[in-house]
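10 is the number of the first residue of the sequence shown in my numbering; add one for each residue after it.
Glycine included, each C-beta is placed from N, C-alpha and C at the ideal position.
Bear in mind that the values here come from a model prediction, so they are computed numbers and not experimental data.
I have placed the structure first, in the form of structure tokens, so that the comments after it can refer back to it.
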Amino acid sequence: MSDPQSTQRAFGLCGWSGSGKTTLILKLIAAVQARGFSVSTMKHAHHSFDIDRPGKDSHRHRGAGAREVLITSAQRWALMHENQDQPEPSLQALLARMSAVDLVLVEGFKRQPHPKMEIHRPSLGKPLLYPDDPSIVAIACSAGLSTATIPHFDIDDVTGITDFMLATVGLTATEGAA
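Set out below in structure tokens:
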């Protein structure tokens, strides 16, 4: 797959497992929509995952070698693309495949360069990621973080995080969809 440049605005959340990324992203989806912006999400799975099941026709199509299988119904559609011998696509290539929205919230992809906020819980005993990743532009933390040299927020400050995130990607209140 080629790596076209995407025009999608993306802001990511990264952090160790159990830090609260998914909980926060669910709140941010609602907050971004409440401001009149359209939002989609992308989640990076670190493991071999499958949304298909053995015995289903779509699973059989993939097993026979189909590169892509699109499943559709009146409620939704899903496209499964087999990377086969190709490397995992970059974040930008995947963003380019998504329908246009005002903002894509990205969970994971911590090794890809895009603006992101680290979600940190000191109780997990894990080190901060931001000192080694210049793409991390802020931190949301469950406890005070007096040593941070970048903007930091309480993990429950959804309004402040949303303000920061939208400003970072250049979205203003006048751009929101009606």
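Interface flag, residue i vs chain D, CB-CB below 9 Å
{"i": "Asn92", "result": "No chain D is part of this structure, which consists of one protein chain only."}
DSSP three-state assignment for residue i, whether helix, strand or coil
{"i": "Met10", "result": "In this prediction, Met10 scores a pLDDT of 36, lower than 50, which makes its location untrustworthy; the coordinate-derived value is nonetheless stated afterwards. Residue state, collapsed to three classes: coil."}
{"i": "Met174", "result": "helix"}
{"i": "Ile80", "result": "strand"}
{"i": "His129", "result": "strand"}
{"i": "Gly179", "result": "coil"}
{"i": "Val48", "result": "strand"}
{"i": "Pro87", "result": "It is Ala, not Pro, that sits at residue 87 in the sequence shown. Note: Ala87 maps to strand in three-state DSSP."}
{"i": "Val110", "result": "coil"}
{"i": "Ala43", "result": "helix"}
{"i": "Leu22", "result": "strand"}
{"i": "Asp141", "result": "helix"}
{"i": "Ala186", "result": "Only weak support is given to the placement of Ala186: the predicted model assigns it a pLDDT of 49, under 50, and the question is left unresolved by the model."}
{"i": "Ala105", "result": "helix"}
{"i": "Asp163", "result": "strand"}
Own chain residues within Cβ distance below 7 Å of residue i, not counting five before or after
{"i": "Tyr139", "result": "Glu127, Ile145, Ile148, Ile159"}
{"i": "Thr177", "result": "Phe20, Pro124, Val146"}
{"i": "Leu33", "result": "Leu22, Ile128, Ala149, Ile164"}
{"i": "Gln121", "result": "Ser99, Leu100"}
{"i": "Ser26", "result": "none"}
Cβ-based burial, residue i [other Cβ within 10 Å; buried from 16]
{"i": "Ser28", "result": "buried"}
{"i": "Asp66", "result": "exposed"}
{"i": "Arg69", "result": "exposed"}
{"i": "Asp141", "result": "exposed"}
{"i": "Asp111", "result": "buried"}
{"i": "Leu137", "result": "buried"}
{"i": "Leu175", "result": "buried"}
Option nearest residue i by Cα separation, candidates the options
{"i": "Arg76", "options": "Gly64, Asn92, Ser82", "result": "Asn92"}
{"i": "Leu180", "options": "Leu103, Gly153, Ser47, Gln95", "result": "Ser47"}
{"i": "Pro131", "options": "Thr156, Asp141, Asp111", "result": "Thr156"}
{"i": "Arg62", "options": "His53, Ala109, Gly72", "result": "Gly72"}
{"i": "Ala152", "options": "Asp142, Leu133, Pro143, Asp141", "result": "Leu133"}
{"i": "Thr50", "options": "Asp141, Phe173, Arg18, Lys135", "result": "Arg18"}
{"i": "Gly74", "options": "Asp94, Ser82, Ala83", "result": "Asp94"}
{"i": "Val113", "options": "Lys30, Arg44, Lys52, Ala43", "result": "Lys52"}
{"i": "Phe173", "options": "Ala40, Thr31, Leu35, Lys30", "result": "Ala40"}
Sequence-distant residues of the same chain with beta carbon closer than 8 Å to residue i, five excluded per side
{"i": "Leu79", "result": "Trp86, Ala87, Leu88, Met89"}
Residue i: CB within 8 Å of a non-hydrogen atom of the ligand FMN
{"i": "Ala152", "result": "For the structure depicted, the ligand FMN is absent and the ligand set is empty, with no information on it obtainable."}
6 Å CB neighbourhood of residue i in its chain, flanking five on each side removed
{"i": "Gln162", "result": "Residue identity differs from the one stated: residue 162 is Phe in this sequence, not Gln. Cβ neighbours of Phe162 beyond the five flanking positions: Ala149, Gly169, Ile170."}
Pairing CB atoms from the region 55-74 with CB atoms from the region 161-170, are three or more of them under 8 Å? no
Mind the definition here: the region 17-28 touches the region 113-133 only if three or more C-beta pairs lie below 8 Å; say whether that holds. Yes, they touch.
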